[in-house]
Amino acid sequence: MAYVCESLELIDGVQTCVMWVIQKDPLSFLSGLTAEQAQQLGILIMYACVTAFCYKLLGYFIKTFIK
0 MAYVCESLEL
10 IDGVQTCVMW
20 VIQKDPLSFL
30 SGLTAEQAQQ
40 LGILIMYACV
50 TAFCYKLLGY
60 FIKTFIK
């Protein structure tokens, strides 16, 4: 979480921030994950990557042997 200037004004030749807003981290929803949930999410992502790789490899073998 950080403060970011939302609007600037020129005061005495110097740009000055007149309104500050809080900018939340776009991944802040992940901070509520427990270690077990993070591990499960990581395993699911790994399974998805392995499955995609296997489908790609299977497609390559089918293309190679059907010629």
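Number 26 in numbering that gives the first Met the number 0 belongs to position 27 of the sequence shown; there are no gaps in the numbering. Ideal placement from N, C-alpha and C gives every residue a C-beta, glycine not left out.
- Item | Identity of the residues DSSP links to residue 48 by a beta bridge | The residue given as residue 48 occupies position 49 in the sequence shown. For residue 48, which the question treats as bridged, DSSP gives no partner whatsoever.
- Message: Just list the residues that DSSP pairs residue 27 with in beta bridges.
- Response: Taking the sequence shown and counting its residues from 1, the one referred to as residue 27 is at position 28. Bridge partners of residue 27: none, in fact.
- Paired residues, beta bridge with residue 40 - DSSP: On the sequence shown, position 41 is the one that residue 40 refers to. DSSP output for residue 40 lists no bridge partner at all.
- Query: Looking only at C-alpha atoms, which of 41, 1, 62 sits nearest to residue 27?
  - Reply: Counting from one through the sequence shown, the residue named residue 27 turns up at place 28. Of the candidates 41, 1, 62, the one whose C-alpha sits nearest the C-alpha of residue 27 is 1.
- Query: So, helix, strand or coil for residue 32, using DSSP?
  - Reply: On the sequence shown, position 33 is the one that residue 32 refers to. The answer is coil: DSSP assigns residue 32 none of H, G, I, E or B.
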